[in-house]
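In the numbering used here, the protein residues as written are 70 to 438. Step one of this worksheet: look at the structure below.
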Ligand code: ADP
Ligand code: GN1
Ligand code: MG
C-alpha cells in the first residue's frame with residue numbers, strides 16, 4: 070500500500086530560512102502524491118505557518134527538473150504580480166522559501182527532495198464541490214494560470230512525468246497490468262475491464278488532433294483537481310493555483326477535463342455509494358463560463374469543440390489509472406484501505422456514464438458561449 074513514512078519535519082524545516090521558534094509540524098491536506106506538512110512557528114508572538122513538502126521521487130524520476138520547474142513558475146508568477154502591483158500578492162502565487170545556504174530546495178542525506186512554501190492563509194482547497202461560484206472561480210483561476218505561463222522565460226519546461234496524459238499509452242499500460250495480474254485481482258473486475266474495452270477509441274481522440282496540429286501544445290497545469298486551487302474564505306475568489314508538479318507542455322484540454330472530473334459531482338472521489346455520483350449540469354455550466362472568461366481569448370475552435378469531451382476523457386483516464394494501480398498492488402496513489410483504488414475507479418466510471426448521458430447538452434452549451 071502506498072502509504073506515508075515518518076520524517077523528522079522539524080529538522081527539515083530548520084534547513085529553510087524561517088525566523089522564530091518552531092512550535093509544531095503535522096501532516097496536512099489530502100493529496101495523493103507528495104508528503105505535505107504544516108509547520109507552525111512563533112515569530113515575535115505571532116503564529117506563522119509554512120508548508121513543508123517532500124516530492125514523491127518514486128513518481129517524479131527527475132526531481133531536479135521538477136523542483137526547477139516549480140521554482141521558475143513561482144518566480145514568473147511573482148514577477149507578473151509585482152508588475153501590476155497586485156494587492157495581496159503573496160496569496161496569489163506560491164512562494165518558495167530558500168534554504169539557509171541560499172538554495173531553492175533542500176536535499177536530505179537520504180536523497181529526499183524538500184521545498185518550503187509560504188502558507189496561504191484564509192483560503193482553502195475543497196475535496197468536493199459545494200457551490201457553482203466555486204466551480205466558476207476554480208475554472209477561471211486555472212485559465213488564468215495557463216495564460217500566465219504563455220511567456221515564461223527560459224527553456225521549455227521539463228516534462229516531469231513523460232506521457233502523463235497520453236491516454237492511449239495509459240490504456241496499453243492498463244492492458245499490461247491486466248496481463249501480469251500480479252495480485253490476482255483481475256478475476257474480480259470483469260465488468261470494469263469490459264467498461265474500459267468498450268471505450269478504447271476515446272483514448273486517441275485528443276492525441277490524434279494534437280498529432281494533426283489541430284490542437285496546439287501549451288503549458289498546462291495538468292492536475293486541476295478542485296483541491297489544487299485555493300478559494301478565498303471571504304471573497305470566494307479562486308486566489309491561488311497550487312500543486313505545480315505537473316505544470317508542463319501538454320494540452321489545455323487536460324486542464325478543463327480534470328476540472329469536469331473533480332468539480333461537477335457532489336460525491337467524493339472515493340464515495341462507496343456510486344448512486345451519489347452525478348455530473349450536475351449547473352456545475353459544468355459554471356466551469357465552462359469560468360474557464361472561457363479567462364482562457365477564451367486564446368483557445369482555438371478545435372479546443373473549444375472538445376471541451377465537453379475532455380471531461381469524459383480525463384475521467385475515463387483517471388478511472389483507468391486507479392484500476393491499473395489496483396491491479397499493480399496500489400503502488401502509485403496513496404491508499405488507506407484494501408480496495409481503495411477500486412472504489413475510486415468505480416466513482417470515475419459512473420461519472421463517465423453520467424457525462425456520456427449529457428454530452429449533447431454539454432456540447433450545445435459550449436457552442437452557445
Ligand atoms: P499533492 O500533490 O500531494 O496533492 P499538494 O501540493 O496539492 O500535494 O499539497 C497538498 C495539500 O496541501 C493541498 O491540497 C493544500 O490543502 C495544502 N497546501 C499546499 N500548499 C499550500 C500552501 N502554500 N498554503 C496552504 N495550503 C497548501
Ligand atoms: C493525483 O497530487 P494530487 O492528489 O493532486 C495525481 C493526479 C490524479 C489525482 C486523482 C502527479 O493528484 O494525476 O488525477 O491524484 N497526480 C499525479 O485524485 O499523478
Ligand atoms: Mg494536490
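Cβ atoms here follow ideal geometry from the backbone N, Cα and C, with glycine treated the same way.
For residue i, three-class secondary structure by DSSP
i: residue 153; result: coil
i: residue 252; result: coil
i: residue 110; result: strand
i: residue 377; result: helix
i: residue 289; result: strand
i: residue 431; result: helix
i: residue 352; result: helix
i: residue 281; result: coil
i: residue 267; result: coil
i: residue 360; result: helix
Pairwise C-alpha distance: residue j and residue i
i: residue 360; j: residue 82; result: 37 Å
i: residue 418; j: residue 366; result: 33 Å
i: residue 88; j: residue 184; result: 16 Å
i: residue 416; j: residue 310; result: 25 Å
i: residue 399; j: residue 409; result: 9 Å
i: residue 70; j: residue 156; result: Because residue 70 carries a pLDDT of 45, less than 50, the predicted location of this residue cannot be relied on, and the following value inherits that uncertainty. Straight-line Cα distance between these residues: approximately 44 Å.
i: residue 196; j: residue 330; result: 12 Å
i: residue 319; j: residue 115; result: 42 Å
i: residue 241; j: residue 258; result: 17 Å
i: residue 72; j: residue 143; result: In this predicted model, residue 72 has a pLDDT of only 45, less than 50, meaning its place in the structure is not dependable; the value taken from the coordinates is given anyway. Those two C-alpha atoms are separated by around 29 Å.
i: residue 348; j: residue 336; result: 10 Å
i: residue 355; j: residue 170; result: 46 Å
i: residue 435; j: residue 370; result: 11 Å
i: residue 294; j: residue 313; result: 12 Å
Neighbour-count burial assignment, residue i, 16 or more Cβ in a 10 Å radius
i: residue 282; result: exposed
i: residue 161; result: buried
i: residue 95; result: exposed
i: residue 68; result: Because the chain spans 70 through 438 in this model, residue 68 falls outside it and cannot be assessed.
i: residue 412; result: buried
i: residue 112; result: exposed
i: residue 252; result: exposed
i: residue 291; result: buried
i: residue 192; result: buried
i: residue 376; result: buried
Proximity below 9 Å, CB of residue i to CB of residue j
i: residue 384; j: residue 420; result: yes
i: residue 357; j: residue 208; result: yes
i: residue 211; j: residue 298; result: yes
i: residue 109; j: residue 91; result: yes
i: residue 186; j: residue 244; result: no
Closer than 8 Å: residue i CB and nearest the ligand PLP heavy atom
i: residue 326; result: For the structure depicted, the ligand PLP is absent and the ligand set comprises only the ligand ADP, the ligand GN1 and the ligand MG.
3-residue-minimum beta strand (DSSP E) runs that sit fully inside the region 299 to 341, ordered along the chain: 307 to 310 and 317 to 319
message: I'd like the ranges of any beta strand (DSSP E) spanning at least 3 consecutive residues and lying wholly in the region 177 to 222.
response: 182 to 187
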